[in-house]
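Worksheet: the structure to be examined is printed underneath.
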Amino acid sequence: MIKEQPDHDNLPDKAPVLVFDSGIGGLTVLRELRVWLPDRRFVYVADDAGFPYGDWEEEALCDRIIKLFDRLLAEHKPAIVVIACNTASTLVLDDLRAAFPFMKFVGTVPAIKPAAERTRSGLVSVLATPGTVRRAYTHDLIQSFASKCHVKLVGANLLATLAEAHIRGERIDEAQVLEQITPCFVEEDGRRTDIVVLACTHYPFLANVFRKIAPWPVDWLDPAEAIARRTISLLQESEGQGENGKMRENSDHPHDVAEFTSGKPDFAIRRLLQGFGLQFDHIDG
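Anchor point for the sequence shown: position 42 equals 414 in the numbering used here, and the numbering is continuous, going up by one each time.
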């Protein structure tokens, strides 16, 4: 069903940017967005009741996300929505745009194009969830932008969960992490993989672990800055505003909130939210 367009004339100044993810990986994107949009309010929504998305059947997950956004858009009336989740973006972004044509959505898709432009060896790997690896969207990106490269798709079935544990401050088994990332490292005719695309927003939280245990140095490509720039571009189009400068140190965001569909993030997550300057709220998922 096509939703009615909200009355933007009655919205408060600088309506918030809504950042959505299946868990807390999207905080890497929120962090970058704040650098470029220091005066903007943010609402961070984690569908932790549905995490991990990789375990869902595609049709059921699509239905869940559409229904969730029907409520979120009415409640928060955001200026723009950032889907800070590769799995959700590659699955449901087109459906969200069709269901809510009045809203601008910025997706998070594997950074295959910039990887193809930067690689010197021609060997690129995409480290993603199994769902992102399967999607036709991902394969179309390779065909469109990296046809002259050897691109290896690596579906890591445990890495998002390991990242969530790491973010909580739990000890993780580095041998298990190494097992997940090792397929990314390819040697062929004297050449080696030189770029690994981080195609899940949870993975940048493990970047230091990756660098420590990787078989050889590579460029771990985080798409957060590109997402932030695209968000700014769309806001400029809709609001006619100039680009904001870099964020001041210790900049405060007292009106930013985080909502979890479970309504019950654990103590470690609550502390993490405080560190990001987010006040906890919840929705019923």
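Positions of the beta carbon are idealized from the N, C-alpha and C atoms, including for glycine.
**Report entry** Three-way DSSP call (helix, strand, coil) for residue 684 in this model
**Finding:** Nothing about residue 684 can be read from this structure; the chain reaches only from 373 to 657.
Query raised in the report: Roughly how many whole angstroms lie between the Cα atoms of residue 499 and residue 535?
Result: 13 Å
Query - Per-residue DSSP class, three states only, for residue 590 - result: coil
Query raised in the report: Does DSSP put residue 527 in a helix, in a strand, or in coil?
Result: strand
Requested in this report: Would you decide whether residue 397 is buried or exposed? Buried here means 16 or more other CB atoms lie within 10 Å of its CB.
Outcome: buried
Query raised in the report: Tell me which same chain residues have a C-beta within less than 8 Å of the C-beta of residue 492, skipping the five on either side of it?
Result: 566
Report task. Evaluate residue 646 with the Cβ neighbour count: other Cβ atoms within 10 Å of its Cβ, from every protein chain shown; 16 or more gives buried, anything less gives exposed. Result -> exposed
Report task. Please classify residue 459: is it buried, with 16 or more other beta-carbons within 10 angstroms of its beta-carbon, or exposed? Result -> buried
Query raised in the report: What runs of the beta strand (DSSP E), each 3 residues or longer, lie entirely inside the segment 457-538?
Result: 495-500, 522-527
**Report entry** Distance between residue 630 and residue 386 (C-alpha atoms, nearest Å)
**Finding:** 18 Å
Query - Own chain residues within Cβ distance below 6 Å of residue 531, not counting five before or after - result: 552
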